[in-house]
């Protein structure tokens, strides 16, 4: 099986853990790097994103001051990178990601998929939709990504949410770029564009009634403002702040159950490690919130600095 081969190459890469601290058998979290960048249409380099994120993660402090946790205590296993190249057909790549993610979910572990371009998310989302009911896909992104096909493929990075909405409800957050042809098929009540978010202090509460019991969170890093996250293939001004993204995360973890995460579109910038660290810190923050009440993560007593 594909997952068995990925487990065989597992390491303690995330957070710089020692291999003996990050074994599959005792891990609650499985991180899958997918170094793929074949369908991006502006700046290439997202295939280097997973390795850059993992390298930067060694500098993230174990302790999360908001949750009063050390989430690595639940066990975090970093699998071997999915064997894909720029020559891999995007729909075949999606099939591989779907197979690997389905295996992680079936094992009872929490999947974290690291892209790579956003097409990486298609297979992960489809695996989650097939595995469970009452699931909503929450997308953080600059782009709607709802084209039915693009450049001859339905699995292009511009088609991710078109494929996602085929399997269930979606919520789109931070959008500020889309093609006019996409507007007709978009549900405007479930799209929360960045320009409205910036003007509405209560924006996050408007998402609350749209949530279902479970959430898959897909984060394209260009959903953040390009002044904060310039290291993406298609940067867009006017995006979310870190605080706004954390407000969304708090809402999701308190009113739904996040069952999986993908973080995509990190395009490392030589000489500027800050975006790589931000992406790594984001993964750690999501995991800290998801496992904040887990006995192997939570430290004794109340959170003194929350």
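Numbering (this note's numbering), first residue to last: 386 to 691.
The C-beta atom is built at its ideal place from N, Cα and C for all residues, glycine as well.
Next item on the list: Select from 387, 477, 493 and 691 the residue whose C-alpha is nearest the C-alpha of residue 410.
Entry: 493
Notebook entry, point to check: Just how far apart, CA to CA, sit residue 459 and residue 568?
Noted result: 42 Å
Check: Per the contact definition of three or more C-beta pairs closer than 8 Å, is the segment 645-659 in contact with the segment 613-626?
Finding: yes
Notebook entry, point to check: Does DSSP put residue 462 in a helix, in a strand, or in coil?
Noted result: strand
Next item on the list: Find the nearest neighbour of residue 488 within the set 457, 596, 386 and 522, judged by alpha-carbon distance.
Entry: 386
Item checked: Pick from 512, 565, 595 and 415 that is closest to residue 555, judged by C-alpha positions -> 595
Note to self: Could you tell me the alpha carbon to alpha carbon distance between residue 550 and residue 522, rounded to whole angstroms?
What the structure shows: 8 Å
Check: So, is residue 412 buried or exposed, given that buried needs 16 or more other C-beta atoms within 10 angstroms?
Finding: buried
Item checked: Alpha carbon of residue 664 to alpha carbon of residue 570, nearest angstrom -> 31 Å
Checklist line | Closer than 7 Å: residue 472 CB and nearest the ligand FMN heavy atom | finding: No copy of the ligand FMN appears in this structure; indeed no ligand is present at all.
Check: With 16 as the cutoff for other CB atoms within 10 Å, does residue 628 come out buried or exposed?
Finding: exposed
Next item on the list: Within the segment 472-513, note down every full beta strand (DSSP E) run reaching 3 residues or more, in order along the chain.
Entry: 495-500
Notebook entry, point to check: Where does residue 398 fall in DSSP's three states?
Noted result: coil
Next item on the list: Using the Cα positions of residue 444 and residue 457, report the straight-line distance between them to the nearest angstrom.
Entry: 14 Å
Checklist line | Secondary structure of residue 455, DSSP reduced to three states | finding: strand
Check: Do the segment 521-540 and the segment 446-455 meet, that is, are 3 or more Cβ pairs less than 8 Å apart?
Finding: no
Margin query: Report the start-end ranges of each beta strand (DSSP E) in the segment 574-655 that is 3 residues or longer and not cut off at the edges.
Written below: 599-605 and 642-649
Checklist line | Beta-carbon spacing of residue 465, residue 512 below 8 Å | finding: no
Note to self: With three or more beta-carbon pairs closer than 8 Å as the criterion, would you say the segment 631-649 touches the segment 666-685?
What the structure shows: yes
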